[in-house]
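With my numbering as the guide, the letters of the first sequence map in order to residues 716 to 1175. All residues carry an ideal CB built from backbone N, CA and C; glycine is no exception. Here the structure is laid out as structure tokens; the discussion comes afterwards.
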Amino acid sequence: MVTRFAPSPTGFLHIGNARTGLFSWLYARHHGGKALLRIEDTDKARSTREAIDVILDGLAWLGLDWDEQVHFQSEFEARHAEVAHDLIERGAAYRCYLTPEELKERREKAQAERRPFRLTSEWRDCTAAGPEGAPFVVRLKAPREGETAIDDLVQGRVAVANAEIDDFVLLRSDGSPTYMLAVVVDDHDMGVTHIIRGDDHLNNAFRQLAIIRAMGWPEPTYAHIPLIHGPDGAKLSKRHGALGVHDYRDLGFLPEALFNYLLRLGWGHGDDEIISREQAIAWFDLDHVGKSPSRFDLKKLESLNAHYIREADDGRLAELVAERLGGEVDLDLLVRAMPELKARAHDLGQLADGARFLFAQRPLEMDDGAAALLTPESRALLGAAHRALGKVSAWEHDELEKVVREVADEAGVKLGKLAQPLRAALTGRATSPGIFDVLALLGQGESLGRIADQMVEPNE
RNA sequence: GGCCCCAUCGUCUAGCGGUCCAGGACGUCGCCCUUUCACGGCGAAAACACGGGUUCGAGUCCCGUUGGGGUCACCA
């Protein structure tokens, strides 16, 4: 059992393609078969080293690994041409000397008469040699009678009349193979048994099958997965926002969150929502892949991400946050703060944002919410707190809570009246982790300093 | 337009003829917890597109309508 994922290097790894790759990978892993990766780099202009690396990086980030070495379609070009000529010899393909202009003319004529265009090339059954030295393409002699059917693992049985399939091009006039020929040859040569891909390729399956049958090759099993749509139901495109796997990584999503989200998009396993990589491999199948396109929902991805952030190792998160914060940060402090920080972040950006106060330089800048909390009265309260906190010898959470509560009691105010100004003074914000945790994290010297920056001496 | 595919809460989905006055999750809205924000807990509103069949019985099978999508290159 061999599957393959065959992306073309377009400069980014489309989220929809990534899901197809994930399904293809999971299917192979589930059945203990081989998962192959082939880069469709026949378009020389776009297939730069960078574009290829983007795909490789993205897949690696998601944790998808591949059997054998990575294959490149461009390496097999000679083989593609060989098969095309084999097809001509078998009488299953022919040289067509129709010019692009002639083709265009016929197409436009058909369109003007509002009838579907089906090419019937006079070269199909021509036994005479073509014009001396004239350019030609090689076309498949597609069957015209009957129908072609596939038993798709996702779509079920799908049949199409052979009259719908035209004599498509196998080899261009410059001798290069078309995608249609190349995939078929590569899949066959690589021993691919299960072709799992987007259902935008469903119509191609019939054409490809025609080549396979002409060559007498074993027919692969197909599984055409519905595409991912944007929130508005239209095909996912740039105007829907982030499209590439890298975009989501940069946005602060964890790979396991995207993995889980993509897995659940178009596939389900009962009521299970949080699914680990191991469970995914154990559970994945094709009969539970839905047949209708599913819409991309950022909110659900975010909630999954929030979940995985809470689950993630503090050290790992600290490093990711440090990267985002840039400059010198105390990794140790970050790790200690992480349990408090990660409960309130949905992505790494928010996580980094929440950690910023730890490393801020005095005097702190107050945001609007914090500034509003610092009234003359609350500044006086801070003065009282400063004095009490200055005497604390055991600078830890419980002791700090006891002291702060006493200060509030003595001043005759609720804890909140003191806690909020304290938060403002200590973090420059109106929201933060628990105030006693903040004090403990910052340490006595820094805490006292930050409070002093904002307080008013009680006796002045 | 031709051909092909699809159709359960706003979204992702469970459901594979009766156990469904349709279950879970995200989102939304309440309440609780609480020093803020989160987290967590509890609860609510919210769907079988429509019309015909088949069947003792249909969200589940068939047909049609409507709506959505895909595809029609010497691109992949």
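key: Residue burial classification, L1046 (beta-carbon count within 10 angstroms, cutoff 16)   = The residue given as residue 1046 occupies position 331 in the first sequence. By the 10 Å Cβ count, L1046 comes out exposed.
query = Is the region 725-737 in contact with the region 773-786, if contact means three or more CB pairs nearer than 8 Å?
reply = yes
query = Around the Cβ of F832, are there at least 16 other Cβ atoms within 10 angstroms (buried) or fewer (exposed)?
reply = By one-based count along the first sequence, residue 832 stands at place 117. It counts as exposed.
request  = Measure the beta-carbon distance from A1070 to L1040 and round it to whole angstroms, keeping in mind my assumption that it falls under 8 Å.
outcome  = The residue given as residue 1070 occupies position 355 in the first sequence. The residue given as residue 1040 occupies position 325 in the first sequence. Going by Cβ atoms, the distance from A1070 to L1040 rounds to 7 Å, so yes, they are a contact pair.
message = Assuming the contact rule is C-beta atoms closer than 8 Å, Y812 and A849 should be a hit. Round their C-beta distance to whole Å, please.
response = For the purposes of this step, residue 812 is taken as residue 97 along the first sequence, with counting starting at 1. For the purposes of this step, residue 849 is taken as residue 134 along the first sequence, with counting starting at 1. 5 Å between Cβ atoms; contact.
key: With 16 other Cβ atoms within 10 Å as the buried cut-off, status of G967   = Residue 967 sits at position 252 when you count from the first residue of the first sequence. So G967 ends up on the buried side.
request  = Classify E837 as buried or exposed, calling it buried when 16 or more other Cβ atoms lie within 10 Å of its own Cβ.
outcome  = In the first sequence, counting from the first residue as 1, residue 837 sits at position 122. With fewer than 16 other Cβ atoms within 10 Å, it is exposed.
request  = To the nearest angstrom, report how far apart V1171 and P1091 are at their CA atoms.
outcome  = Indexing the first sequence from 1 puts residue 1171 at position 456. Indexing the first sequence from 1 puts residue 1091 at position 376. Going from the Cα of V1171 to the Cα of P1091 covers about 8 Å.
task = Could you tell me whether the Cβ atoms of L1001 and A972 are closer together than 9 Å?
result = Indexing the first sequence from 1 puts residue 1001 at position 286. Indexing the first sequence from 1 puts residue 972 at position 257. Cβ distance not < 9 Å, so L1001 and A972 don't count as in contact.
inquiry  = For the region 879-889 against the region 943-961, do three or more pairs of beta-carbon atoms, one drawn from each stretch, fall closer than 8 Å, so that the two count as touching?
reply    = no
inquiry  = Rounded to the nearest angstrom, what separates R928 and E934 at their Cα positions?
reply    = Here residue 928 corresponds to residue number 213 of the first sequence, with the count starting at 1. Here residue 934 corresponds to residue number 219 of the first sequence, with the count starting at 1. One C-alpha to the other measures close to 8 Å.
message = For the alpha helix (DSSP H) containing A1103, name the first residue and the last one.
response = As a first step, residue 1103 is located in the first sequence; it is residue number 388 there, counting from the start. Its alpha helix (DSSP H) spans residues P1091 to G1105.
key: Span of the beta strand (DSSP E), counted from its first residue to its last, around H746   = One-based indexing of the first sequence puts residue 746 at position 31. Segment I730 to H746 is the alpha helix (DSSP H) holding H746; no beta strand (DSSP E) there.
request  = Would you be able to state if there are at least three C-beta pairs under 8 Å between the region 1042-1059 and the region 1117-1137?
outcome  = no
inquiry  = Among V798, V1128, Q870 and S1018, whose alpha-carbon lies nearest the alpha-carbon of T893?
reply    = Within the first sequence, the letter at position 178 stands for residue 893. Closest option to T893, Cα to Cα, is V798.
ask   = Within the chosen definition, does the region 744-762 reach the region 934-948 through at least 3 CB pairs nearer than 8 Å?
value = no
task = Just tell me which of D1083, R1059, P1078 and W1110 has its CA closest to the CA of S1147.
result = The residue given as residue 1147 occupies position 432 in the first sequence. It is R1059.
Reduced DSSP category for R830 - H, G, I as helix; E, B as strand; rest coil = Counting from one through the first sequence, the residue named residue 830 turns up at place 115. If DSSP states are grouped into helix, strand and coil, R830 belongs with coil.
query = Across which residues does DSSP place L855 in a beta bridge pair?
reply = Translated into the one-based positions of the first sequence, residue 855 becomes position 140. Per DSSP, A808.
Cα-Cα separation between A920 and G931, rounded to whole angstroms = In the first sequence, residue 920 corresponds to position 205, counting from 1. In the first sequence, residue 931 corresponds to position 216, counting from 1. Answer to the nearest angstrom: the Cα atoms are 16 Å apart.
task = Just the C-alpha distance for L802 and A897, rounded to the nearest angstrom, thanks.
result = Position 87 of the first sequence holds residue 802. Position 182 of the first sequence holds residue 897. Looking at the two C-alpha atoms, the distance is approximately 13 Å.
message = Helix, strand or coil, according to DSSP, for G959 in the structure here?
response = In the first sequence, counting from the first residue as 1, residue 959 sits at position 244. If DSSP states are grouped into helix, strand and coil, G959 belongs with the strands.
message = Short of 8 Å in beta carbon distance, which residues of its chain neighbour R791, apart from the five on each side in sequence? Order them along the chain.
response = Within the first sequence, residue 791 is the residue found at index 76, counting from 1. It is Phe, not Arg, that sits at residue 791 in the sequence shown. Answer for F791: A897, V900, D901 and D904, listed in chain order.
query = Taking the alpha carbon of R805 as the point to measure from, which residue in A1099, D866, G726 and L855 has its own alpha carbon closest?
reply = Taking the first sequence and counting its residues from 1, the one referred to as residue 805 is at position 90. When only C-alpha atoms are compared, the closest one is L855.
request  = Can you tell me which of the three DSSP states I754 falls into?
outcome  = As a working mapping, residue 754 is identified with position 39 in the first sequence. DSSP places I754 in strand when its eight states are reduced to three.
inquiry  = I need the straight-line Cα distance from A843 to V907, nearest angstrom please.
reply    = Translated into positions along the first sequence, residue 843 becomes position 128. Translated into positions along the first sequence, residue 907 becomes position 192. Using only the alpha carbons, I get a separation of about 38 Å.
ask   = So H909 is in the beta strand (DSSP E); what residue range does that whole segment cover?
value = What you label residue 909 is simply residue 194 of the first sequence in a count that begins at 1. Looking at the DSSP string, the run of the beta strand (DSSP E) that includes H909 is H909 to G913.
inquiry  = Going by the DSSP bridge assignment, what does Y937 pair with across the sheet?
reply    = As a position in the first sequence, residue 937 is number 222, starting the count at 1. For Y937, which the question treats as bridged, DSSP gives the partners I910.
Own chain partners of D862 with C-beta closer than 7 Å, once the 5 adjacent residues on each side are dropped = The residue you call residue 862 lines up with position 147 of the first sequence. As written in the sequence, residue 862 is Glu, which differs from the Asp given in the question. Hits under 7 Å: A874, V875, A876 and N877.
Counterpart residues of L886 in DSSP-defined beta bridges = As a first step, residue 886 must be located in the first sequence, where it is residue number 171. For L886, which the question treats as bridged, DSSP gives the partners V853 and P892.
message = In whole angstroms, give me the CA-to-CA distance for Q994 and A775.
response = On the first sequence, residue 994 is found 279 positions in, with the first residue counted as 1. On the first sequence, residue 775 is found 60 positions in, with the first residue counted as 1. Straight-line Cα distance between these residues: approximately 19 Å.
key: In DSSP terms, what F787 is bridged to   = Numbered from 1 along the first sequence, position 72 holds the residue referred to as residue 787. Partner(s): I754.
request  = Quickly, what does DSSP pair F720 with across the bridge? List them, please.
outcome  = Position 5 of the first sequence, counting from 1, holds the residue named residue 720. DSSP output for F720 lists L752 as bridge partner(s).
Neighbourhood of E1055 by C-beta, 6 Å cutoff - its chain only, sequence neighbours within 5 removed = Taking the first residue of the first sequence as 1, we reach residue 1055 at position 340. Once the five neighbours on either side are set aside, the close Cβ partners of E1055 are P1148 and D1152.
request  = Use the C-beta contact count for V785: other C-beta atoms within 10 angstroms, 16 or more gives buried, fewer gives exposed.
outcome  = What you label residue 785 is simply residue 70 of the first sequence in a count that begins at 1. So V785 counts as exposed.
ask   = Is it buried or exposed for I989, if we count other Cβ within 10 angstroms and need 16 for buried?
value = Walking along the first sequence from the start, residue 989 turns up at place 274. Its Cβ having fewer than 16 others within 10 Å, I989 is exposed.
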